Every structure is written in C-alpha cells, then in structure tokens.
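Below is one structure, written out as structure tokens; the observations come after it.
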Amino acid sequence: MRTKQKLLFWNKTAVTTQEQPVSFENRKKTAVTEAVRSIFNLNELKSIGMMLFGTMLMAFAFYHINYVNHLSEGGFVGLALLGSYVAGWSPALTSLLLDIPVILIAWYFMGRKYMLKAMLGALSFSLFYEWCERYSPLVIDLQGSLLAAALISGILTGVGAGIVIASGSATGGDDILAVLVSKWSRMKIGSVFFIFDGMVLLLSLLFMPLKETLYTVLAVWIASKFITLITQAAAKKQRPEYERETLQPKPVKTDVILLPLPKPAASAASVSYSPIRTKDTKHHVSTTRVKQSSAAGG
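Just so it is clear: in the sequence shown, position 236 is 236 by full-length UniProt numbering, and no numbers are missing.
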C-alpha cells in the first residue's frame, strides 16, 4: 500500500492520503465499461444502425428467398439451413450456437469492442430471422424461376453482408473467420467468403438436389462480388484525403533562349551554340541558356 503527501497551499499543512491497489476484477470491469462507452458514441451509433439494416436485409433474403425457395446458403447460415432441411432444427438457434465459439476467438484476436459488435450483429440477425419465420406474412414463391431467386438472393445478401462488415461488425462466425483470414492472407474478403461458402455447398450436395445447389453457387458468387465492392469502397472512403489523392509535382516551365552573337572579325557561317546552366532562384530549378561560340579558324 502506497502513501503520498498532498500539500494544501491555503493552509500549508501536509495531508497524508492512501491509494488502494486496484484488483484484477476491478481492472477487468473498467476495461469492459470503457469498451461499452466507446461503442455508444455518435459515429458508433451510426455504424450500429448500418449493421442493423444489413442484418435485416440478410435475414429477409435468407428466409424469404433461400429458405422458401429451397435454396441453400454458405457459411454457418448454410449449415443452419441444412440442419433445418435434414433434422428440422431452428436455423436461428443453430446459427447462434455455431457463432458463440468463433465470437470468443474474435475477442482474443480483434479485441472486446469488435467482439461486442459481433455479438450484437449475430443476435440481431437471429432475431430478424426469427421474426421473419414466425410473423412475416410475405411469401415470395420463385421456384418456377430459380434464376431470379439466385439473383435476388445474391444481391440482397451481398449488400447486407457488405454493409455489416463495412460497419465493423459481423453477422456470425463465418463473417469473423472471413475477416481474420482476409487480414492474415491479404485475400479479398469476397473471395474468402466464396471459398468458405463453397465448402458448405459441397456438403449440401449430399442432401440437396443438384439444380438447387448450382443456383445457390450462383447466388453466393454474386454475393461475394457485392461484398468485395462495398468493403473496398468503405475502406477507400475511410482513408485520409492526402492518401486518396495522388499528388504529383507541377512541372516548371523553362525557356531556352538562343541569342547568336556575332564574333568580331569572323565569318557568320561559323557560328555554333553551347548551353550554359544557370539557377532560377524563384523556382529553385536549373534553366538552360546558351552562349554563342564560333568555330576555330577563319
């Protein structure tokens, strides 16, 4: 226990105060409190609003397009939909259970702030999906045109996932794994998504018809392109202005002056020119001028 003396200047008396050591539990609570406070500022509230909008788009596409029209999906959501087709499990609960261990991994590698936002994203996606599954009266039947279903699913899913990732959050464990792999390997995040989703779709071939699986591959490919487009645009927008613009030095115009001076007692046909370099003090550059010289002999 440390002690320190604080001098009160108005009465010039020494007062001894004692500082209690901070326990590990208190430091942990303080760190979590600071992380929560850093989330709920104005900019972070905007990013949370974007994240909620993105998760709502994804939940709408996964239920009303993929699930209703018997299309699968990649990643953890694809595994959850596969579990629903095969065993009748709730996709919202299954995806949330798959997300929990990966969110803990995100805490270790990405920090508490990212972990809290990823938890909020995964929870909001599960809630939106559950609401669509139980209460939404909308039915979009596109089984007669699976190509249209794949196009709509790819666009909505790609835009939603891109917005979520650009806001610094995630909708589940597959998003977190894709962000980590993209960060470590320097691959485009859309390409990482397509690889992960393709692995799940290969597993789906064991339980789903080939036709629906191929259209799902098309939807996943479209979504990966939109994810890459949105995340790259967001990263470019967040750069400072001086990094976005390529500044090139402006060229300084210099003039070459040719002033032939006749040599006394020499023929005019034997005149030649040689450059003389002088320094331009205004622009700090060297300019080239010439002086006249005549050929030797006469």
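Heads up, the beta-carbon is just placed ideally off N, CA and C, and yes, glycines get one too.
These numbers come from a predicted model, not from an experiment.
Helix, strand or coil for residue i per DSSP?
i	result
V86	helix
L151	helix
N43	helix
E73	coil
A170	coil
I140	coil
K188	coil
A145	According to the sequence as given, residue 145 is Ser; it is not Ala. Three-state DSSP puts S145 in coil, outside helix and strand.
M199	helix
L104	helix
P209	coil
G111	coil
A268	With a pLDDT of only 48 at A268, under the threshold of 50, the placement of this residue in the model should not be trusted; the figure read from the coordinates follows. Helix.
P249	Unreliable positioning characterises P249 in this predicted model, as indicated by a pLDDT of 47, which lies under 50. The coordinate reading is nonetheless provided below. In the structure shown, P249 sits in coil (DSSP, three-state: anything other than H, G, I, E or B).
V68	coil
For my contact list, residue i and residue j are in at a C-beta cut-off of 8 Å; report their separation, rounded to the angstrom.
i	j	result
T216	I189	T216 to I189, Cβ: 20 Å. No contact.
residue 302	M208	Only positions 1 to 298 of the chain appear in the structure, and residue 302 is not among them; the question remains open.
A233	G154	Between G154 and A233 the Cβ distance is about 18 Å, and since that is not below 8 Å, they are no contact.
G121	S169	4 Å
M187	V181	7 Å
A92	Y129	5 Å
D197	G74	2 Å
With a threshold of 8 Å on Cβ separation, who are the neighbours of residue i within its own chain once the five nearest residues in sequence on each side are excluded?
i	result
A204	Here residue 204 is Ser; the residue named in the question, Ala, does not match the sequence. So the qualifying residues of the chain are S72, G78, L82, T213, T216.
L156	L57, M58, F60, A61, I65
I227	G158, A161, G162, I165, I189, G190, F193
S136	Y63, H64
Please return the same chain residues whose Cβ sits closer than 6 Å to the Cβ of residue i, not counting the five positions on each side in sequence.
i	result
I195	none
S167	S47, M50, M51
G173	F76, L98, D99, V102
I65	A149, I152, S153
T94	A80, G83
L229	none
By alpha-carbon positions, which one of the options ends up nearest to residue i?
i	options	result
K225	F193, F109, G198, E44	F193
F62	P101, L127, L104, Y114	L127
L177	A148, Y108, V139	Y108
Y67	V159, L202, L142	L142
D160	A219, N41, G54	Correcting the residue identity first, residue 160 is Gly in this sequence and not Asp. Looking at the Cα atoms, G54 is the closest of the given residues.
L218	M56, L201, I140	L201
M56	Y114, C132, D197	C132
M119	S84, K211, L96, F60	L96
L206	V86, F60, H70	V86
L138	E44, N43, F60	F60
A235	I163, S145, L146	I163
S145	E44, T228, N69, L45	N69
M199	K211, V220, L104, S185	V220
Y114	S185, W89, T171, L229	T171
L147	L123, L104, K211	K211
R134	L123, L104, S90	S90
Looking only at its own chain, which residues have a Cβ that is under 7 Å from the Cβ of residue i, when we skip the five neighbours before and after it?
i	result
L247	In this prediction, L247 scores a pLDDT of 41, lower than 50, which makes its location untrustworthy; the coordinate-derived value is nonetheless stated afterwards. Within the same chain, L247 has no close Cβ partners at all.
I140	H64, I65, V68
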